[in-house]
Amino acid sequence: MKTEEKIIAFSELGKFFKQFDSLGSPRDPALEALNTVYADRFLNAIRQAEIMNPWFTREFILYSLYSLSSMLDEEALSKWIEKYNLTLTRGSSKNVGLIMAGNIPLVGFHDLLTVCMSGNKAIVKMSSKDKVLLPLVHEILMYLNPGFKDLISFPDQFQKNIEAIIATGSDNSSRYFDYYFGKYPHIIRKNRNSAAVLTGEEKPEEYKKLSDDIFLYFGMGCRNVSKLFLPKGFNIPAMLDNFETYSYLYNHNKYANNYDYYKAIYLVNSAEHLDTGYLIVKEDEGYASPVGVVYYEYYSSLDKLKHRLKIDENKIQCLVSKPGLLDNSTGFGETQRPGLTDYADGIDSFDFLINLYKK
């Protein structure tokens, strides 16, 4: 398949994703032929995904689709590819094993896109928590261009014919991945979390956007903010007043169970914390807060904090702040809308993949 053909197919897929409204109804008349074949099947797959994984609510699945649709803009895809000299590295494609996480819907899609666009073949091991949507996405791609049949596969086992690996998991699983796949060219990702640095001068609308960074996908993504760095004297309750939009999450059984569990632990241990009735805010030096909890830590000097963040950069996926406060920070409300070049762990996986041709 030519690169241009892949761009066209993925951009059409993006339009398909984008058309679903907040209730899940398709609404783009220009996609009538595609919708006739796949709209109802896709909505049924969303229902199945909800049943198989209660953390995958329809609301958050649809948000994931909308976020991916922005990534799959035809012009954006073309500009992304132009940065890499594919013609200079063209050689035999490699079989790239993808071990995907299952913390948020379609979390491994960017890896799949990158493998396909780099000229390699994706051999996918899906997470048991997220195995409904992606095979149907592959089927839609094959409908748009039959050439995708040879570019993507979902075998039960793939160790025998892979030539490189991209694996995403926890710190524990990364040791397992390294043991079994370390002999291949690889990217093996570990636990990361995201943090926000606040000054106390943020506007209410910025705090509301920050609530998206905290609560989308129940806070389970590595790009979700799980830690707040606050100046001494910061008015935490005033910030929390702007998080009310997500108070409904307490109606979700699994989220409520997590929240209630940690609330009970903190009360029994007399651990100081703030409680909104749907979110616990606790002072803690860690980055990885539990579901239903966000950690915070005070800082006295922004320069010292920047030094600390530099030391901890391998623990951090995104840093959120006001524009200009930090280098390479993400804007409020933007963590779960990554662009094509927002590579996980800051590792350029496209560059890694095209350099496989040389090996």
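Take the position in the sequence shown, starting the count at 1, then add 125; the result is the number in our numbering. Each residue gets a CB set at the ideal place from its N, CA and C atoms; glycine is no exception.
Taking the alpha carbon of residue i as the reference point, which residue from the options has its own alpha carbon closest?
i      : options                           : result
Ser336 : Tyr371, Ile361 and Asp303         : Tyr371
Phe135 : Leu193, Leu323 and Ser474         : Leu193
Leu468 : Glu410, Ser395, Asp437 and Thr293 : For clarity, residue 468 is Tyr in the given sequence; the question names Leu instead. Of Glu410, Ser395, Asp437 and Thr293, the residue nearest in Cα terms is Thr293.
Leu478 : Asp296, Asn360 and Met242         : Met242
Asn220 : Lys333, Leu276 and Ile313         : Leu276
Lys357 : His311, Tyr421 and Trp205         : Tyr421
Ser395 : Tyr387, Gly402 and Glu175         : Tyr387
Ala320 : Pro151, Leu148, Asp338 and Pro362 : Asp338
Trp486 : Ser454, Ala381 and Leu465         : Only positions 126 to 484 of the chain appear in this structure, which leaves residue 486 out of reach.
Tyr391 : Asn376, Gly417 and Glu264         : Gly417
Leu159 : Glu264, Gln282 and Pro329         : Glu264
Glu200 : Asp236, Lys131, Phe181 and Phe145 : Lys131
Tyr332 : Arg348, Gly344, His311 and Pro362 : Pro362
Phe181 : Gly244, Asn286 and Lys254         : Lys254
Phe185 : Tyr375, Phe340, Leu237 and Gln144 : Phe340
Tyr163 : Met267, Asp400 and Asp470         : Met267
Glu129 : Ser446, Glu207, Glu327 and Leu323 : Glu207
His311 : Tyr301, Ile291, Ser299 and Tyr304 : Ile291
Glu330 : Pro280, Gly458 and Ser195         : Gly458
Gly471 : Asn453, Ser203 and Lys140         : Asn453
Lys140 : Met126, Glu157 and Lys127         : Glu157
Leu485 : Arg300, Ala389 and Ser150         : Outside the shown range of the chain, which is 126 to 484, sits residue 485, and nothing can be said about it.
Ser298 : Lys256, Gly344 and Met225         : Met225
Span of the beta strand (DSSP E) holding residue i?
i      : result
Cys241 : Note, Cys241: premise wrong, no beta strand (DSSP E); alpha helix (DSSP H) at Phe234 to Met242.
Ala320 : Asn318 to Val322
Tyr423 : Val418 to Tyr424
Asn220 : Asn220 to Ile224
Arg314 : His311 to Arg314
Please classify residue i as buried or exposed, where buried requires at least 16 other C-beta atoms within 10 Å of its C-beta.
i      : result
Ile436 : exposed
Gly346 : buried
Lys429 : exposed
Asn378 : exposed
Val249 : buried
Gly411 : exposed
His432 : exposed
Ile176 : exposed
Arg166 : exposed
Ser425 : exposed
Thr161 : exposed
Tyr380 : buried
Ala174 : buried
Ala389 : exposed
Tyr423 : exposed
Considering only the beta carbon of each residue, do residue i and residue j sit closer than 8 Å?
i      : j      : result
Gln442 : Tyr342 : no
Ser189 : Gly227 : no
Lys274 : Asn318 : no
Leu138 : Leu197 : yes
Phe368 : Leu427 : no
Ser354 : Gly325 : Going by the sequence as given, residue 354 is Phe instead of Ser. Their beta carbons are not under 8 Å apart, which means Phe354 does not touch Gly325 by this criterion.
Ala247 : Leu223 : yes
Leu187 : Ser147 : yes
Arg314 : Pro463 : no
Ser278 : Gly244 : no
Asp476 : Tyr305 : no
Val488 : Leu444 : The chain is shown only over 126 to 484; residue 488 falls outside these bounds and no answer can be derived.
Lys143 : Tyr191 : yes
Quick check on the DSSP output: the alpha helix (DSSP H) that includes residue i runs from which residue to which?
i      : result
Phe142 : Thr128 to Lys143
His263 : Leu258 to Leu269
Arg348 : Arg348 -> no alpha helix (DSSP H), and no H or E assigned at all.
Glu157 : Glu157 to Met177
Asn383 : Asn378 to Val393
His432 : Leu427 to Ile436
Glu408 : Per DSSP, Glu408 belongs to no alpha helix (DSSP H); it is in the beta strand (DSSP E), Ile405 to Glu408.
Trp205 : Glu199 to Glu207
Lys333 : Pro329 to Phe340
Asp470 : Here Asp470 belongs to no alpha helix (DSSP H), and DSSP marks it neither H nor E.
Pro154 : Segment: none, Pro154 is in no alpha helix (DSSP H) and carries neither H nor E.
For residue i, which residues does DSSP report across the bridge?
i      : result
Lys352 : Ala320 and Tyr420
Ser278 : Ile248
Leu399 : Val406
Leu444 : Ala320
Thr455 : Val445
Ala289 : Val221
Using only the heavy atoms of the ligand FMN, determine whether one of them is closer than 7 Å to the beta carbon of residue i.
i      : result
Glu459 : The ligand FMN is not among the ligands present in this structure, which contains no ligands whatsoever.
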